[in-house]
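Chemist: Read top to bottom, the protein sequences are chains A and B.
By the working numbering, the letter at position 130 of the first sequence is numbered 130, and the numbering carries on one by one without gaps.
When you read off a place in the second sequence, starting at 1, and then add 1000, the result is the number in the working numbering.
I have a structure here, written as structure tokens, and I will follow up with some questions on it.
2 protein chains.
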Amino acid sequence: MLKSHPCGGLTGKEIGNQVVLCGWVQRKRDHGGVTFIDLRDRSGIVQVVFDPRECGQEVATLAREVGSEWVLKVSGVVHRRPPGTENPRLATGEIEVRAQEATVLNPASPLPFPVRDDVKGVDEILRLKYRYLDLRRPAMRQALELRHRFTKAVRDFMDQQGFWEVETPILWKHTPEGAREFLVPSRLHPGRFFVLPQSPQIAKQLLMVAGVEKYFQIARCLRDEDPRADRQPEFTQIDVEMSFVTADDIYELVEGLLSYALKVAAGRDIPTPFLKMSYQEAMTRYGSDKPDIRFGLLVEDVTDILKESSFRAFSDTVREGGIIRGLFVPGLETLGRKDLAELTELTKRAGAKGLATIPIGDRQQESLVARFLTEKEKEALASRFGSERPGWILLVADQADRVEEAVGLLRLKLARHRKLVPERCSQELAFLWIVDRPLLEWDAREERYVPLHHPFTSPFPEDIPLLEEGVRMLETGRGEKKGSPDHPLRRVRAYAYDIVLNGYEIGGGSIRIHDRSLQELVFRAIELPREEAKRKFGFLLEAFEYGAPPHGGIALGLDRILAVLCDAEQTDPDSGLPYLNIREVIAFPKTSTMADPLTGAPTPVDEKVLKEQHITLVPEVWAKVQQEAGGIGESNE
Amino acid sequence: MLKSHPCGGLTGKEIGNQVVLCGWVQRKRDHGGVTFIDLRDRSGIVQVVFDPRECGQEVATLAREVGSEWVLKVSGVVHRRPPGTENPRLATGEIEVRAQEATVLNPASPLPFPVRDDVKGVDEILRLKYRYLDLRRPAMRQALELRHRFTKAVRDFMDQQGFWEVETPILWKHTPEGAREFLVPSRLHPGRFFVLPQSPQIAKQLLMVAGVEKYFQIARCLRDEDPRADRQPEFTQIDVEMSFVTADDIYELVEGLLSYALKVAAGRDIPTPFLKMSYQEAMTRYGSDKPDIRFGLLVEDVTDILKESSFRAFSDTVREGGIIRGLFVPGLETLGRKDLAELTELTKRAGAKGLATIPIGDRQQESLVARFLTEKEKEALASRFGSERPGWILLVADQADRVEEAVGLLRLKLARHRKLVPERCSQELAFLWIVDRPLLEWDAREERYVPLHHPFTSPFPEDIPLLEEGVRMLETGRGEKKGSPDHPLRRVRAYAYDIVLNGYEIGGGSIRIHDRSLQELVFRAIELPREEAKRKFGFLLEAFEYGAPPHGGIALGLDRILAVLCDAEQTDPDSGLPYLNIREVIAFPKTSTMADPLTGAPTPVDEKVLKEQHITLVPEVWAKVQQEAGGIGESNE
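Okay, structure coming up:
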């Protein structure tokens, strides 16, 4: 090695020792002919002193001439800093290295932005273009290190639990289901395509059929997503599958895994077991399938109280099959006119008609709605929200799905507004299992039931009779009408579980179907013709015929977990709602519009190269690319 | 868990205990109303006894009716086997489980091939189509487990050495250099493409610029290869890069890594440091840049002896600038007429004109060549090969590159023929570093020097003056003629290293250029115009301007290392030469023609889906696909 010690690792123990350091110039100061350089490497920073009386004029001159981020090699001796010049904020603040020799290993051009955490507001596109500079900042370096330590801990734990990590293919089979897939043309099989895997779901189920029993993989998943601030075209999941298990085994495993990895990688103690909440309760009381339980602000249903209200927006909605739900915010002064307007805006964003804001205790005259309510109704409302203090009741009346979404968003926004959650999202870690969600949902467009995730999730064993009854109704046309909210097929619960951290879904999984007749029943429930099932999933169905064991698993979103730990929560400027910027925990991410400012990818490709893959651009795009290429060529010359 | 114990983990200690097992029926035998089932899970096999007097008639009937690979759950008690019925070949051979209850978790259809290692000759395509059955065989299960243990050990070691594992992108930038890349159309950027990474080479160099200092990754690499038995479109490499290092640091790291991982994962002790051999010596004495040093059979150059031979094939070749080299095979009886014919065939396969076979000690008359040689020449030959015993001298006369390749192949084939290497290639592990290979090679087609790997490899520091001299000659037209074997540019050595195991290249790397002026010198040597360099590698060159540290690294081929350890060496039926079938160590590989018989990938894709990605098939392929789709539809109905 060109260096003998890491810069940030030097302590008082090294005093008197000769050291050779290599690193980057973080900061330089001159004091009466003596140059002080803060030299940085991965481990941290140390102060190097260039005193011409010790290092000679030549080296002293060199030190005076170096610039920010130049790479230096320095030989010198570790000294205790003169009394009064120690820097307690620096791990090496007790000592300094008095240089004897120095070499410039590489100079640096002036930087597009400074390599410092305390300089805010650098444009993210610029940060991504010069990602190699951005990654030199302590915060980003720490994110990379945490990512390494966390995945290492995951692997240690899984290995210790008897899991084998198995690599599954990147070149996979196109299945026209689920998320949009990236295509990869096959040169050797003209006109045919591989796709990049959305997840190793089917591959890991095949590994269970293969008898691997305990599989995991820290797996790259690729989805051709639409632009969204919290999405990336490639992300990483901790992918797990086990044979001969129940959901309880998965809970225990994941709780053990996360508490181990958080302890080892981040020094965090988290209590286990995690809370469990039914999907029903989450939707009803939190307006979300991924509730943030770090704060209360529970949703109450007041449909019964207001169904006959003289405020027509309420009574009409209920008559049309809608519901009324809302939240109570204590303190009339906490929400001003502007806040209420923003909350109303948010409600509309969720597709709901509007927000009824009812003051309790005072300022009744400010509310249009309040004037329409009877005293009895107002008392019943106050009692339902269990509050005798003044405050605001915020109500949304609409069809159930819109109400749920709207009150869920209101809850999130109010929590930020009222500072009910710590500013740093890593400060409190609230894990939660969501269980008992429905197996199927009604797709009004397709006029059929569709699986919430994929058709291989098992129903709850107790709910199989309900599934059978539903399929009977579907196929005979008798009983509940197809699509009705009370149809048995909407009441069948999935033997599935999602895991939530601070209001973000960080994973999900299920016990899978391994029984052919049950699988066929589910296919009938989703009205998937036999031939189509065969074409789409034939190879998996065939595998089930050769001794498939009962199995189940889960996938945890590594990027999201790390984003929470690294406080990569951001606020959407439009909605004021929080989201995770997972780019902060990925070494080389794409922008939210799925491009890479660093490499310039994606790029145009020569026609010759396309032709080799037997493809060509569609004519209108081809014309546009030709035009652009011409334009670019000109502007470069 | 549905089971209390692993089948293969039961020992005498469990005698008397109640156990619940889950597994697959490996074998079933009936003896006078009692059924014996060998139940298998990932851990191994245990014998389960179904005696109707203990388990009742119903369970006994069930046991009689199950078939191969059915999945069972069995409750019972562990008993010592009756004396004389122990099976010492089975880890659980001392005990048996006497069943009380049993459930069929899943039946199995009759298998396409038996799940047994001792059934040979199953067609590989069939094995790949039913990979989930093939993977149930002990040999394949062991390969998966070894792969897990080996990569786990690699990660443990690298972590312990201070390396961070960093994930680099799968969606990368097209660079029209090196291997052919897989293309991925970008839906959001019409007419533009990502590519799948051939390796994380540039990304890891950027991580060095980012100050990561010690990076590794067990990284998936994707190359659009032509069909070859020993290649896969996706493979895995142990990818390493370090800052502030010399080649010696890389040697030490890799030797430490491999000896640790081999010890921990496979119980193998390998001596370090590994031997080092110059590229020159490898080519001259072994006829290969990846010599198998488990055996001798060294190549001798006899150009000087035969340059004026009256055998014109020799003298003419030398006059035309060619060389004559060969091997000595002791024992005239070791090579019969058929063997000599095969060896001649192999020589021609390497592009050489033919093989001169000269008997020493006897049977002179059988050799046409021998009759043309003088006694003096024959004596000189025998003396050059250091043999006084009878045997065959095998000589190839041609241009140097063809001679080297031909004698290299002869050496490999003779080693198998004469059983100089163990049949199981894992038995002896001979590691070797190949160093000092040339930085550039002459590309006669392009009429310019080209880098052997990529243009970022540093020349040997001592050879930089030679590089400068060469570029001067190139640019002034003075001195050595461009392309001549003595041109200084062919004598510049790369600061690079390859690592070889048992004659297979299992990795390679280099110290990279980090100095802009040296990089520009190399670009001038390969006559790469400035503009083109910018277009191809601009983002990396720009990164070098912001304080790039000296750095270097290596990539090790995980699949090949594991293939050697798993004895996945096969013999090419045409050439009789050995190769590694890395499919044996990959869970779900592609065939040598890059297809997946299991999933059917690659598959046709709806035009709608292609259009969404702004591409379409070239007309002739489109027509063919339409035709086939019609054909397939008909044959299925």
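Glycine included, C-beta positions come from ideal geometry on N, C-alpha and C.
For my contact list, B:R1228 and B:S1510 are in at a C-beta cut-off of 8 Å; report their separation, rounded to the angstrom.
Modeler: Cβ-Cβ separation between B:R1228 and B:S1510: approximately 25 Å, too far for a contact (criterion under 8 Å).
Chemist: Residues of the segment 591-613 of chain A in Cβ contact with chain B at a cutoff of 9 Å, in chain order, please.
Modeler: T593, M594, A595, D596, L598, T599, G600, A601, P602, T603, P604, V605, D606, V609, L610, K611, E612 and Q613
Chemist: Can you give me the Cβ contacts of A:L135 inside the same chain, cut-off strictly under 8 Å, excluding the 5 residues immediately before and after it?
Modeler: R141, L144 and A587
Chemist: Give the straight-line distance between the Cα atoms of B:R1472 and B:E1447, rounded to the nearest whole angstrom.
Modeler: 17 Å
Chemist: Does the distance from the C-beta atom of B:F1274 to that of B:F1431 stay below 8 Å?
Modeler: yes
Chemist: At least one CB of chain B closer than 8 Å to the CB of A:Y260: is that the case?
Modeler: So no, A:Y260 is outside the interface.
Chemist: Looking at C-beta atoms only, is the number of pairs between the segment 46-54 of chain A and the segment 22-38 of chain A that lie closer than 8 Å three or more?
Modeler: The segment 46-54 of chain A is in contact with the segment 22-38 of chain A.
Chemist: Using Cβ-Cβ distances below 7 Å, what residues of the segment 142-159 of chain A are close to chain B?
Modeler: L144, E145, H148, T151, K152, R155 and D159
Chemist: Quick one: is B:R1027 buried, meaning 16 or more other Cβ sit within 10 Å of its Cβ, or exposed?
Modeler: exposed
Chemist: In chain order, what residues of the same chain have a beta carbon less than 8 Å from the beta carbon of A:G12, not counting five sequence neighbours either side?
Modeler: R80, E94 and I95
Chemist: Could you list the residues in the segment 281-305 of chain A with a C-beta less than 7 Å from some C-beta on chain B, going in chain order?
Modeler: none
Chemist: Do you know how far the Cα of B:F1157 is from the Cα of A:Y260?
Modeler: 20 Å
Chemist: Quick check: is the beta carbon of A:I170 nearer than 8 Å to any beta carbon in chain B?
Modeler: yes
Chemist: Grouping DSSP H, G and I as helix and E and B as strand, with all else coil, what is B:T1616?
Modeler: strand
Chemist: Per DSSP, B:E1085 forms a beta bridge with which residues?
Modeler: Correcting the residue type first, residue 1085 of chain B is Thr in the shown sequence and not Glu. None, per the DSSP bridge assignment.
Chemist: Inspect the CB distances between the segment 183-195 of chain A and the segment 1595-1612 of chain B and report whether three or more fall short of 8 Å.
Modeler: With the cut-off at 8 Å, the segment 183-195 of chain A and the segment 1595-1612 of chain B touch.
Chemist: Closest by CA to B:V1585, which one among B:V1605, B:E1469 and B:D1559?
Modeler: B:D1559
Chemist: Out of A:I238, A:R116, A:C22 and A:D123, which one is the CA nearest neighbour of A:A555?
Modeler: A:I238
Chemist: Residues in the same chain with beta-carbon distance under 6 Å from B:G1633, minus the five sequence neighbours each way, listed in chain order, please.
Modeler: The predicted model places B:G1633 with a pLDDT of 39, which falls under 50 and marks its position as unreliable, so this point remains unresolved.
Chemist: Need the endpoints of the alpha helix (DSSP H) that A:T317 sits in, please.
Modeler: R312 to R319
Chemist: Quick check: the Cα distance between A:N636 and A:V625, rounded to an integer number of angstroms?
Modeler: With a pLDDT of 34 at A:N636, under the threshold of 50, the modelled position of that residue is not reliable, and no figure is offered here.
Chemist: I need the straight-line Cα distance from B:L1146 to B:E1225, nearest angstrom please.
Modeler: Computed Cα separation, rounded: 27 Å.
Chemist: Between which two residues does the beta strand (DSSP E) carrying B:Q1160 extend?
Modeler: Here B:Q1160 belongs to no beta strand (DSSP E); instead the alpha helix (DSSP H) covers P1138 to Q1160.
Chemist: State the DSSP-derived secondary structure class of A:K3, mapped to helix, strand or coil.
Modeler: In the three-state scheme derived from DSSP, where H, G and I count as helix and E and B as strand, A:K3 is classed as coil.
Chemist: Classify A:Y251 as helix, strand or coil using the three-state DSSP reduction.
Modeler: helix
Chemist: Go through the segment 348-408 of chain A residue by residue and report every complete run of the beta strand (DSSP E) that reaches 3 residues or more, in order.
Modeler: 356-360 and 391-398
Chemist: Can you give the beta carbon distance from B:F1539 to A:G600, rounded, assuming they're within the 8 Å contact cut?
Modeler: 7 Å
Chemist: Determine the DSSP secondary structure at B:R1535, reduced to helix, strand or coil.
Modeler: DSSP, read as helix, strand or coil, puts B:R1535 in helix.
Chemist: Whose C-beta lies closer than 7 Å to the C-beta of B:V1522 among residues of the same chain, with five residues either side of it excluded?
Modeler: P1455 and I1513
Chemist: For A:N17, count neighbouring Cβ atoms within 10 angstroms of its own Cβ and tell me buried if that reaches 16, exposed if not.
Modeler: exposed
Chemist: Using a C-beta to C-beta distance shorter than 9 Å, which residues of chain B count as neighbours of A:T616?
Modeler: I1615, T1616, L1617, V1618 and P1619
Chemist: Helix or strand or just coil, what does DSSP make of A:S635?
Modeler: For A:S635, the predicted structure reports a pLDDT of 36, less than 50, and the residue's modelled location is therefore unreliable. The matter cannot be settled from this model.
Chemist: Quick check on DSSP: helix, strand or coil for A:T591?
Modeler: coil
Chemist: Taking just the CA atoms, how far does A:A543 sit from A:L10?
Modeler: 59 Å
Chemist: B:T1616 to B:P1190, Cα distance in whole Å?
Modeler: 12 Å
Chemist: Determine the closest residue to A:D117 out of A:R131, A:D436, A:P138 and A:R98, with distance taken between C-alpha atoms.
Modeler: A:P138
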